[in-house]
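Q:
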Amino acid sequence: MSSVSNVTLAACVFMTVTCLVYSSNAQGPGIGSIDLGPIEPDFPIRTCSPRCENGFCVGGRCLCQPGFTGRTCSNTIITVCYGGCANGGTCRYGSCSCRPGYSGSSCQIPSCSPSCANGGTCVSGKCRCRSGYSGSYCQTRVCTPSCRNGQICILGQCRCPRFLDGPEPLGISEPGVPEIDLVPFYPAVCCSRSCLNGGTCIGYNRCRCRSGYSGQYCQTKVPSCLPSCANGGTCVSGQCRCRSGYSGGYCQTRVCTPACQNGQICILGQCLCPRFPDGPVPLGISEPGVPEIDLVPFYPAVCCSRSCLNGGTCIGYNRCRCRSGYSGQYCQTKVCAPACRNGGTCSNGKCNCRTGYTGSYCQTRTCSPACRNGGLCTSYGTCNCRSGYTGSYCQTRTCSPACRYGGTCTSYGTCNCRSGYTGTYCQTRTCSPACRNGGTCTSYGTCNCRSGFSGSYCQTRTCSPACRNGGTCTSYGTCNCRSGFSGSYCQTRTCSPACRNGGTCTSYGTCNCRSGYTGSYCQTRTCSPACRYGGTCTSYGTCNCRSGYTGTYCQTRTCSPACRNGGRCTSYGTCICRSGYTGTYCQTRTCSPACRNGGTCTAYGTCNCKSGYTGTYCQIRSCSPSCANGGKCVSGKCRCTYGYGGSYCQTKVCRPSCQYGQVCISGRCQCPRFLDRQVRGLPGRPGSQEPERLPIYRPVCCSKSCLNGGTCIGYNRCKCRSGYSGQYCQTKVCSPACRNGGTCRNGKCVCKKGYYTGSYCQTRLCSPACRNGGTCTPYGTCNCRSPYTGSYCQLSPTCYPRCENGGTCIRNNRCSCPSGFTGSRCQNAVQTACRVRMEIHDMTQAQRQLYIDTYKTAYGQPALRTLLRSHAINFAAGIHTRNQFLPWHRWFILELENILLAVNSNVILPYWDWTLHSAAPWSAPLWGSASHWYGGDGSGSCVTTGPFRSGQFSLVSGGCLRRDFDLTETTPSALVVNDILSTPVSSFNDFELRVRGELHDTVHCRIHGTMCTLDAAESPDFFLHHVFIDKLWADYQARSTAHHDAHFSSLGSAMTAAGGHSAQDMIDLNNQPGGVCVRYEQPSSSTARQLRRALSRVAPSVIAKRVSCQPQSLDVSRAVQQGQELFRVSASERSRLSSLVSKQVCRSAMPGQAGPSGARTTATANLGFDLNTLVSLANAK
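Under the numbering used here, the residues of the sequence shown are numbered 4 to 1184, in order.
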């Protein structure tokens, strides 16, 4: 056997450890030595010189103990890797040899192999490349964006192939990169389609693909394994799947299955025990490509008697080095790590803890007995109880809040109240006996009686208020009045004679007359309001107006002279003319459409056209001079009848054309002849314009005609037109000559198919052909029309949802809209003449400032002040009843908008969508103190902040603007509004009632102050609220044609004090009085858009069951009661409204929550309900 130092590879067997040691004088792995312990051989052995250290002599050579090497075993080595090698690493001499892609002392860190180049960073074993580089280790310079249309990427630049006469350098270089010489380029061979994924074109439609890709154009990604899988392993998704008997990152290691036991070792896939030969013998195991292994002589095995257990390592005769967590001679005992604490004992690797302690090593103090009812045990062994529980181990239920007024808490956590108290925590005083006749028990235990009742428990009927002026109260609660007095409580002095015409008798016995009457007993008719502008009141109570004024009280300026042709006179005495008329009083007819091409409009509304044009509005080009001989003028040119020609059909021509040298004379074909002497003219027919005919003799070319427009110049001699040749010009030639190998056939070039095209084969073809209107360039590449891309314009952008109304998709999810439409999908029609009303929070600061400044300017003008007072005057005259409420207020805000536009033509009324701030309406930005907001609360008194504060703004009726926000209440939520808008068209009565009673009246009196009085219209807040109410009606109308036209039977009746307009006039927002078009723009915030989308996709019935919200009541609110009284909601309407409002629109709490407070925590802060749940329901559709 060869010497130890020259052996190429040997197996060092010692118990269960196999070592490979590099020798000092060999190229490959050298032999390691085996420590057989202090066993003395029983036969003579050769001695070793020098003497072996840390080993013993075998056959004249030192056999070293584990951990030592060298000729005399004097060098210490490490043979064990503590902690083990991860990710398929192998242990060699105490250190881990890692698989490619991993590094670290235990191969625990994914690394990049080879290292990332060009500034790339290694992240989790993969290179993250800088912009402009790619590849598994950022070695490839790429072009960003990718090269198209046959261009190629060279050192990060897109270049097109060039036509060179010979090799020349590319002229592109980078630091550290040698300049690249290119072979001469000729026509590009694969511009028809680019090689994908960094592939390189090497021939016609042939690509050389980068590692990891395949396919004709490198379009298929192939997962690769680096290095390649060995021993028949297969690469699956970039990882090697090994055959049975092999393992490792690339199947390089032969393993034994099952694992070797009892000291056997795995050698080339087989479990073998060490043997005791008399001398060295070969192992006798080999594999293809693996040299046979020579073994050193073995002596008595040192640990086959019993294996080191639990991963221990044999280090001597029956001596094991145990892994962390084990101990004992053979590592058979599991120890506790870390050590058991607090008196715990270790058993089989687990700590048995003393009472009062727990944890993997008894480190945690426990509570005894255990904490109940969800209590948590602290590190001090005491229980930290949940709210609602107490006691040393949370065993006792508490009442939260604590029971009041002597109540006791039961074991169920409920209060047992003393007599005279009730409520969840005994907070409410009860009355005994119970209050009667609708009386309510106060917190003091006394009855608060309803009006008309008294007594300790409201048992006695009273007269309320008390009977006055000597009247007596009956048992029915009514007053029996003395003579000379009347009224429900005898408060009214009667008048004699009785007041007439609806007048009322005052407590002083005088008549208080109704508006329009006067006199001691209201017998005289007056004009109300008073006649204006010098008008006089007649005895009939009507105004006799001065010339130039009209109207019920002469308030309207008339137009003088009167507006003609259907024109309408405005309140300013000016005429608004119908389409087709103009002038101060619409006396002038206009032409519609306008006259074109310089035509002028006559007084009759017709166009007087310039010479050369005709048509209704001079749109048609005419012929000058006129077409002769029956010709017709078409687009300014004469179209002649058969037999005539010329620019205006003045010339007679021959049909068919003359042949064989004949000439056309006066429409007849004749042959010319030669004269022998001077030509004599022959006159034409009298009165004709025919040319003079010449006497002709011998014909010169009538034998055969010159073809293709050729001219006869002698006997059988023709002068040919360009493009023809031959004796009679019979051959068509190609002009210019055919290029690029094309052949001329019958005057046309026949080009090489698939390569060139054009009249003379001058144009290079694109293959495949350019699509979608793309044009092929002279270089054979496609020039694509917008918005198409790709090597042959095959890629079109996609828009989802699709563009509507004829819009075209120009980029992914971007539509180009035709004229008249707008929106992300061209879904919105643009009405350029419409007034667009916006949500006030969507307006810019400059827009809000302009609106407020314009409003304050107009507020000082008589027109606006008169309009605002008319609302107060007619407050109870039907404008708040079902027949007039919606259309009358639509007319009212339109009138205000017209007045504002007269002050500034850039101002349109905004609205406030209070549903977007329903849960906290008084915290909305609207109430900010800046000059472009509305100012804040007045707390029942004058507003002191903002542009409408006291001292800066006064009401028409006098005094300051007041507000008194109902801070305990909210505005109706978007779920309530959505439920109202879902009312079927057959129940329009219910829709109108809920809008008026539930939305309109309530918000008026939750703002309170001026808004909850007869002078509400004088508050600037009024129009923000009413424009939003009108928007809700418009949203309802937009649902269908039936919804649009829904109203009551009084549709055609004139409305109160609305200038003679009826509800019918106000139905269509696109055609308001004066031809005005109005459009509402939806709120644009992301919350509003989410909300609209979700509400459009989820039914109200589903919302009522699944979406949590803050409960709202319409029965107890101060604002509701005051609103119903102020706007005179009838008893029957209140009853119907109460039944409609009681309908559930959402859950009061989500499942698993305690109640309203729980729901309040999950609902979106401003909306007052759980928007996330609503959006989830919509997305699930």
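Note that the Cβ used here is the ideal one computed from N, Cα and C, for glycine as well. Predicted model, so just to flag it, every value in this text is computed and none were measured.
(1) In or out: T986 buried (at least 16 other Cβ within 10 Å) or exposed?
(2) Could you name the residues that DSSP lists as bridge partners for S106?
(3) Please determine if the region 1126 to 1133 and the region 990 to 1008 are in contact, where contact requires at least 3 C-beta pairs separated by less than 8 Å.
(4) May I ask you to list the residues that DSSP assigns as paired with R257?
(5) Nearest-angstrom Cα distance between I668 and G601?
(6) Starting from N1175, trace the alpha helix (DSSP H) both ways and give me its first and last residue.
(7) So, are the CB atoms of A89 and S109 less than 8 Å apart?
(8) Within its chain, find whatever has a CB closer than 6 Å to the CB of R503; leave out the 5 residues flanking it on each side and keep chain order.
(9) Assign L1098 to buried or exposed, taking buried as 16 or more other Cβ atoms, counted over all protein chains shown, within 10 Å of its Cβ.
(10) Using the C-alpha atoms, what's the distance from T860 back to G954?
(11) What are the complete alpha helix (DSSP H) segments, minimum 4 residues, inside the region 964 to 1026?
(12) Look at the Cβ atom of G347, then the Cβ atom of K337, and state whether they are nearer than 8 Å.
(13) If I follow the unbroken beta strand (DSSP E) through R748, where does it start and stop?
(14) Less than 8 Å between the CB atoms is what I'm expecting for W915 and F1031, so what's the real figure, rounded?
(15) Could you tell me which of R893, L66, E56, L870 sits nearest to K1034, measuring between CA atoms?
(16) Quick test of the definition: if touching needs 3 or more C-beta pairs under 8 Å, does the region 1086 to 1105 touch the region 1032 to 1052?
(17) To the nearest angstrom, how far is the alpha carbon of L899 from that of L870?
(18) Rounded to the nearest angstrom, what separates C1008 and D967 at their Cα positions?
(19) In the DSSP assignment, find the beta strand (DSSP E) that holds F59 and state where it starts and stops.
(20) Using a Cβ-Cβ cutoff of less than 8 Å, which residues in the same chain neighbour Y460 once the five nearest sequence positions on both sides are dropped?
(21) Quick one: does G92 have its CB under 8 Å from some CB of chain B?
(22) Grouping DSSP H, G and I as helix and E and B as strand, with all else coil, what is K755?
(23) What do you get for L1002, buried or exposed, if any count of 16 or more other CB atoms within 10 angstroms of its CB means buried?
(24) Excluding the 5 residues preceding and the 5 following L312 in the sequence, name in chain order all residues of the same chain whose CB lies nearer than 6 Å to its CB.
(25) What does DSSP give as the partner residues of T399 in its beta bridges?
(26) Beta carbon of T203, beta carbon of R211: below 8 Å?
(27) On the CB-based measure, 16 or more other CB atoms within 10 Å of its CB, does Y249 come out buried or exposed?
(28) For the beta strand (DSSP E) containing Y1083, name the first residue and the last one.
(29) Helix, strand or coil: how does DSSP classify V1123 here?
(30) Can G455 and T445 be called in contact, C-beta distance under 8 Å?
(31) Taking all protein chains shown into account, do 16 or more other C-beta atoms lie within 10 angstroms of the C-beta of E695, making it buried, or fewer, making it exposed?
(32) Could you spell out where the alpha helix (DSSP H) holding L1098 opens and where it closes?
(33) According to the Cβ coordinates, are V1148 and A1107 closer than 8 Å?
(34) Identify every run of the alpha helix (DSSP H) within the region 584 to 631, keeping only runs that are complete inside it and at least 4 residues long; order them along the chain.
(35) So, helix, strand or coil for G442, using DSSP?
(36) Measuring alpha carbon to alpha carbon, tell me which residue in P1103, T1005, D1068, S1022 is nearest Q1127.
A: In this structure, then:
(1) buried
(2) I112
(3) yes
(4) Y249
(5) 43 Å
(6) 1174 to 1182
(7) yes
(8) Y524, C525, Q526
(9) buried
(10) 15 Å
(11) 977 to 984, 991 to 997, 1004 to 1010
(12) no
(13) 746 to 748
(14) 6 Å
(15) R893
(16) no
(17) 8 Å
(18) 9 Å
(19) 58 to 61
(20) C434, P436, A437, C438, R439, G442, C450
(21) No chain B is present in this structure, which holds just one protein chain.
(22) coil
(23) buried
(24) Y333, C334, Q335
(25) T393
(26) yes
(27) buried
(28) 1080 to 1083
(29) helix
(30) no
(31) Low local confidence applies: a pLDDT of 44 at E695 is under 50, so the model's placement there is unreliable, with the coordinate-based value given in what follows. The residue in question, E695, is exposed, as its Cβ has fewer than 16 Cβ neighbours within 10 Å.
(32) 1089 to 1100
(33) yes
(34) none
(35) coil
(36) T1005
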